[in-house]
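Worksheet for the structure shown next.
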Amino acid sequence: MFRSFSLPSTWFRLLLMTMSVPTAVTSVSTAAEIRVGMVGLDTSHATAFTKLMNDSTAKGYTPGTKVVAAVKGGSRDIPSSWDRVEGYTQELIQTYGVEMVPTVEELCRKVDAVMIESVDGRPHLEQARPAFQAGKKLFIDKPLAGSLRDAIEIYRLGKRTRVPWFTSSSYRFYLSMADVRKANIGAIRSAISYGPSHKEPHHPDFYWYGIHPAEALYTILGRGCEVVTRSATEETDVVTGTWSEGRTGVLVGLRTGATPHKVIVFGRQGVAEQKGSGDYAPLVAEIVKFFQTGVPPIPPEETIELMAFMEAADESKRQGGRPVKMEDVLRQHGWRFDAE
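Residue numbers for the sequence shown follow this note's numbering, so the first one is 534 and each next one is one higher.
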């Protein structure tokens, strides 16, 4: 038989107060948990990625990291950045208890790894410098930078400091993309990737949103593009790349009406077609794994080639659709083939 008892009145009042206070998002903390700092809260990625890292009840949650501090950021000359940064900032503070700090330097003193999330690629290089100098493993959200020259400088900073880093569109790690890559179609001869390619005037045409289908194309074909040609209209871009060993890749960028995305791969023994889309969870899982191991899932050289591919497409457009050599574009923007 249980003994009956009564709580002292003070204890009872404290219990009622505890029950009435809204609880924060459930977060599992362990001794080995990696503290993550975030730079740039002007994109939905900031809150979506934090949810997948901090909220143990979230679908797709990956344990092992926790976003603990952030630098707000924001670009006044891009409305989709400046108009949203305060709302996302308050969500991180109120929902996840993320501490706001004024500078990346101060952020680096509080965390083990850094995620640059600024929707604007132009400040990424300067935002990344303190993280490299502090030796913090670094994920840089798309686009890697606002120019190919800045992207190359980020690559050099990584080599100079020996700090691992990577960048990626979420498209690369969609489960539907993984299914295409596993398809038994023999050696790949060609691939077509189409998807949204809305432009932003402060960035090269494909850096803002066309990077998604462009990265999907590189996910299939990898490095080795040699020549790029672009046909451009107000509504659509068609970019054709010739890869080594005669492979070809076609990127179709859509800017009006429906803008779905898909990859179709042509192998020597069959054709594989991407079915469905995906979500952020696989990318976040890769980021967590990278922060734990220090091994980037994508070679930095492939990222630089991807950025050069998109810049070469712009150069082809400037030249009226003429073929442009990737080697020439890389040299023009500071890549040193004998020293990189």
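C-beta: ideal position from N, C-alpha, C; glycine also.
Per DSSP, the continuous beta strand (DSSP E) segment holding A724 begins and ends at 721 to 729. Relative to R756, the option among W776, R693, D738, E624 whose CA is nearest is W776. Taking the Cα positions, L816 is about 12 Å away from M710.
Nearest C-alpha to S613 among G743, A749, H735, S764: H735. Taking A591 as the centre and dropping the five residues before and after it, the same chain places the C-beta of K584, L585 closer than 7 Å to its C-beta, in chain order. In this structure E767 is exposed. Its beta-carbon is surrounded by fewer than 16 other beta-carbon atoms within 10 angstroms. Listed in chain order, the non-local C-beta contacts of Y704 below 8 Å within the same chain comprise M710, G728, H745, P746, E748, A749, T752, H794, G811, local neighbours out to five positions each way being set aside. Bridge pairing for S764: V771 [DSSP]. Annotation for F699: the continuous beta strand (DSSP E) segment containing it runs 698 to 701. Buried is the label assigned to D770, since at least 16 other Cβ atoms lie within 10 Å of its Cβ. From the listed residues G597, V604, T700, the smallest Cα separation to Q623 is found for V604.
Across the set I831, I567, V862, Q852, the C-alpha of I831 shows the shortest separation from the C-alpha of T700. Apart from sequence neighbours up to five positions away, the residues of its chain that approach A684 with a beta-carbon distance below 7 Å are L677, A678, I837, M840, ordered along the chain.
For F799, no alpha helix (DSSP H) encloses it; the enclosing beta strand (DSSP E) starts and ends at 795 to 800. One alpha carbon belongs to A664, the other to Q802, and they sit about 46 Å apart.
Only residues of its own chain outside the window of five on either side were considered, and among them G570, A602, V604, V634 have a CB closer than 6 Å to the CB of L640, listed in chain order. Secondary structure of I567 (DSSP, three-state): strand.
According to the DSSP secondary-structure assignment, M633 is paired through a beta bridge with A603.
Taken atom to atom, the span from the alpha-carbon of R642 to that of E650 is near 19 Å. Taking the Cα positions, K670 is about 13 Å away from T598. When secondary structure is reduced to three states using DSSP, T781 falls in the strand class. Check the Cα spacing between V647 and each of T781, V572, S849: the tightest is with V572. Around F870, the same chain offers E860, L863, R864 as residues with beta carbons nearer than 8 Å, after the five sequence neighbours per side are excluded. Listed in chain order, the non-local C-beta contacts of W698 below 6 Å within the same chain comprise L671, G691, local neighbours out to five positions each way being set aside.
Of the residues R655, T781, E733, D616, the one whose Cα lies closest to the Cα of D674 is R655.
Going by C-alpha positions, D847 is about 26 Å away from I721. If you ignore the 5 residues before and after V804, its C-beta comes within less than 8 Å of the C-beta of I718, I797, V798, all in its own chain and listed in chain order. For A581, the closest C-alpha among the options V600, A565, E566 is that of V600.
Here I649 is bridged, per DSSP, to V572, I673. Annotated as distal: F823 and I567, with beta-carbon spacing of 8 Å or more. Taking C-beta atoms as the reference points, S723 and R780 count as a pair closer than 8 Å. Assigned with DSSP and collapsed to three states, E873 falls in coil, not helix or strand.
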